[in-house]
Structures are given as C-alpha cells and as structure tokens.
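A short write-up of the structure that comes next.
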Amino acid sequence: MDFNVQIAETFRANQGVVTEPMNFGNRLVLVHVPKKDGTERVTPLVALYRDGAWHVSGSAGGSPKHPAWVFSLRRAEAVRIEVPGDPIRTLNVSVRELDGAERDEIWTAVTEKMPGFADYQKSAGDRVIPVFRLTP
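The sequence shown finishes on residue 127 if you use the working numbering, and the numbering steps up by one all the way, no holes.
Below, the structure is given as structure tokens:
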C-alpha cells in the first residue's frame, strides 16, 4: 500500500490522530489532483491552524525540490481537505500561497511549534519552502 494512503487511512480510522510511523503533531489530509495524470491523490500533511485557516508548508523533508503537491496547490483555486474530529470533517477550502511578511510570520509560527522545520529549510538550500493558507 502507498505510504500516503496508509497514513490517510490511519488518520481517518483514529479521528485524525496519527502517531506511527511518525508523530509530527496536527495533521490534515489534502485531497488534490495532480496535472501530470489527473488522478485524485491524498497527501497527509502537518498543519498549523491559525486565524480560522490551516497552513501547510512544502518542506519535502528538506529536499532541494518542491513536493509534487505544491504544484497542485499552485494551480488550484480550491481543494478538499480532511481535518481531525469525530467524525473526520471534509472541507472545501480556498488556496493561497503566502509571500513576504505574511509568509514569514506563519513560517516562524511553524518553526516554533515544530522546530525540525527550521532544519528542513537549511537542508533545502536556496529553495524557499512555500507556505499555503487553506481557508474554508
């Protein structure tokens, strides 16, 4: 079974709680359609909820390349997400990539809550990790 599908199924079965194989805190499941093949995909992501919106960062674990889902979000005006709860809630959300001071403010909040993300930025080299706001 695909790793992302496995994590998404665990997320759904446990009202959004996923601790194995890794526990990175708050998560959501992004449901998107990549341009490459047009097949719906699920991507579990660590998320920061703030000011009525979820924020996700395209860290790719510090890779010098963006994760594929970043390109899906850049093309989309809206996507679906699944968020924790009993039951799991599925929401249609608008997508906006943050930049400038707004991006920096959310990125600082992400790295304060999850310090490993600062290491991802160092590992990513010149690539600035994108941050997206997902608003219901």
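Note that the Cβ used here is the ideal one computed from N, Cα and C, for glycine as well.
Being a predicted model, the structure only gives us computed values, none of them experimental.
- Counting along the chain, I72 sits inside no alpha helix (DSSP H); it lies in the beta strand (DSSP E) bounded by residues A69 to V74.
- Contact between L125 and A67 is absent: CB atoms are separated by about 10 Å, not below the 8 Å threshold.
- Y111 sits buried, since 16 or more C-beta atoms from the chains shown fall within 10 Å of its C-beta.
- When C-alpha distances from E73 are compared across R118, K26 and R32, the shortest belongs to R32.
- With respect to the 8 Å criterion, V24 and S63 are classified as neighbours on the basis of their beta carbons.
- Short of 8 Å from the beta carbon of V122, and not among the five residues preceding or following it, lie these beta carbons of its own chain, in chain order: H46, V47, S48, G49, E88, L89, R94, I97, W98 and V101.
- Bounds of the beta strand (DSSP E) holding V20 are R18 to H23.
- Pairing V119 with S54, the inter-Cα distance amounts to about 11 Å.
- Taking 8 Å as the cut-off, the Cβ atoms of V61 and V86 do not count as close.
- For A109, no pairing in a beta bridge is given by DSSP.
- Taking each of E103, I79, A115 and D28 in turn and checking the Cα distance to L39, the smallest one comes out for E103.
- Following the DSSP letters along the chain, one finds R65 in no beta strand (DSSP E) but inside the alpha helix (DSSP H) bounded by residues A59 to R66.
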